[in-house]
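Notes to accompany the following structure.
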Amino acid sequence: MCSAQKFVMRMAGLTMVTRSRSRSRGSGAGPRGAGEEAAPVRKGEANAEGKKSHGPAKRQRKTQKLSVAYEASDNEKGEGAKLPEAPGWEPPDWQQQLVNIRTMRSGKDAPVDQLGAEHCYDPSAPPKVRRYQVLLSLMLSSQTKDQVTAGAMERLRARGLTVDSILQTDDSTLGALIYPVGFWRSKVKFIKQTSAILQQRYGGDIPSSVAELVALPGVGPKMAHLAMAVAWGAVSGIAVDTHVHRIANRLGWTKTATKSPEKTRAALEAWLPRYGRVGAGRAALSLPPPLTSHLHRELWSEINGLLVGFGQQTCLPVRPRCHTCLNRSLCPAAQSRGGS
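Quick note: the sequence shown, position 270, residue 270 per UniProt numbering, numbers continuous.
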């Protein structure tokens, strides 16, 4: 059959369909509604008709557009509603556990409350120097009690603690000033290397991103997140040390047991809301101030200080004081010990 005959037969078929639709409308049926389904169109036929005949193809496309079922339901109120997302996992009692820990920590009398990174810098120093001192205190705090870190920072500040002063101090003198912090010999090397990088690349200031901070010698993820929160007023993540790691696993705040602080951080950030109503966030040292409303609390920023102090006073590494803990009936670890 030649192409001309095929064309004539196709046009005849389209004419019959058109007349049939006209007779249906004339017998009382209204225009096609949104709920009426359009006949499926084969891909090859749609392409051929689009090229050879403009009228029927255009009407068919309009009809298909009207038959999209979700358009009417989503846009009835003009709100562009989205389908609800499936709820994610979260610990069953975490909100009450958090309230109880806040109550137990309301006295703010743990070592971290008086000697943490927020208290180890010189408040009269320029912002750039204060930020450097915060970073140094965090580097010294690794594997070291807050009292020891605070003592080392006091001795360093007495000599004028700046990038330049540290670079001008010989290693033996610097070691004597920071001793007996944990791994003090390694920390002398890291402090010198980091200070040189800060002078050369950042004009004596500290970087303002986690990626740049962890690239510095002797700076880990926990230090980087705390430096972002304390020095820059930016909540970049949850700072997890051994206390937070231990307590999160004891309370069941991780879906499965985690083996390292970094894995605990990832597990916590996967479900813990970033913000929570109650109080304000911690103060920052930089301008502009942190994006923290008086109506909200930065939960990610709060968790470190809250749980560290709780771990120093109640949820001890060895022989935790479960009998004095408000969470003894809600804590899986306490229940496994019989609440003792």
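For every residue, glycine included, the Cβ atom is placed at its ideal position computed from N, Cα and C.
Small disclaimer: the values here were computed from a predicted structure and weren't measured.
Among Ile178, Trp300, Gln193, Thr103, nearest to Ala152 - alpha-carbon criterion: Residue 152 sits at position 152 when you count from the first residue of the sequence shown. Considering only alpha carbons, the answer is Ile178.
With 16 other Cβ atoms within 10 Å as the buried cut-off, status of Asp171: Sequence index remark: in the sequence shown, residue 171 carries index 171 (1-based). Result: exposed.
Same chain only: Cβ atoms within 6 Å of Met223, ignoring 5 sequence neighbours per side: Within the sequence shown, numbered from 1, the residue matching residue 223 stands at position 223. Contacts found: Leu138.
Extent of the continuous alpha helix (DSSP H) run through Ser186: Position 186 of the sequence shown, counted from the start, is the residue given in the question as residue 186. 184-202 is the extent of the alpha helix (DSSP H) around Ser186.
Own chain, CB closer than 7 Å to Arg105, minus 5 neighbours either side, in chain order: Position 105 of the sequence shown, counting from 1, holds the residue named residue 105. Hits under 7 Å: Leu306, Gly309, Phe310.
Per-residue DSSP class, three states only, for Tyr179: For the purposes of this step, residue 179 is identified with residue 179 of the sequence shown, where counting begins at 1. If DSSP states are grouped into helix, strand and coil, Tyr179 belongs with coil.
Cut-off 7 Å between Cβ atoms - residues of its own chain near Ser236, not counting five sequence neighbours on either side: Numbered from its first residue, the sequence shown carries residue 236 at position 236. Excluding residues within five positions, the ones whose Cβ falls inside 7 Å are Val210, His225, Met228.
Neighbourhood of Arg265 by C-beta distance below 6 Å, restricted to the same chain and skipping five residues each side: In the sequence shown, counting from the first residue as 1, residue 265 sits at position 265. For Arg265, where only same-chain residues beyond five positions count, the Cβ hits under 6 Å are Ile238, Val240.
Under 9 Å between C-beta atoms of Ser141 and Val188: Here residue 141 is taken as the residue at index 141 of the sequence shown, counted from 1. Here residue 188 is taken as the residue at index 188 of the sequence shown, counted from 1. Contact: no.
Integer Cβ distance of Pro111 from Gln147, believed to fall under 8 Å: The sequence position of residue 111 within the sequence shown is 111, counting from 1. The sequence position of residue 147 within the sequence shown is 147, counting from 1. Their Cβ separation, rounded to whole angstroms, is 6 Å, which keeps Pro111 and Gln147 in contact under 8 Å.
DSSP state of Arg132 mapped onto helix, strand, coil: Position 132 of the sequence shown, counted from the first residue, corresponds to residue 132. At residue 132 the sequence reads Tyr, which differs from the Arg that was named. Of the three classes helix, strand and coil, the one that applies to Tyr132 here is helix, per DSSP.
Spatial neighbours of Ile166 in its chain, beta-carbon cut-off 6 Å, leaving aside the 5 residues before and after: For this step, residue 166 is matched to residue 166 along the sequence shown. Short of 6 Å from the beta carbon of Ile166, and not among the five residues preceding or following it, lie these beta carbons of its own chain, in chain order: Ser195.
Limits of the alpha helix (DSSP H) - the one that Glu154 falls within: Here residue 154 refers to the residue found at position 154 when the sequence shown is read from its first residue. Element bounds for Glu154: 146-158.
Bridge partners - Tyr275, DSSP secondary structure assignment: The sequence position of residue 275 within the sequence shown is 275, counting from 1. For Tyr275, which the question treats as bridged, DSSP gives the partners Glu298.
Rounded straight-line distance, which links the Cα of Trp232 to that of Gln143: Numbered from its first residue, the sequence shown carries residue 143 at position 143. Numbered from its first residue, the sequence shown carries residue 232 at position 232. In this structure, the straight-line span from the alpha carbon of Gln143 to that of Trp232 is close to 24 Å.
Arg185 burial status per 10 Å Cβ neighbour count (16 or more: buried): Within the sequence shown, the letter at position 185 stands for residue 185. By the Cβ neighbour-count rule, Arg185 is exposed, with fewer than 16 other Cβ atoms within 10 Å of its own.
Gly116 burial status per 10 Å Cβ neighbour count (16 or more: buried): One-based indexing of the sequence shown puts residue 116 at position 116. Classification for Gly116: buried.
Residue burial classification, Arg321 (beta-carbon count within 10 angstroms, cutoff 16): As a working note, residue 321 is residue 321 in the sequence shown. Burial state of Arg321 is exposed, judged by a 10 Å Cβ sphere holding fewer than 16 other Cβ atoms.
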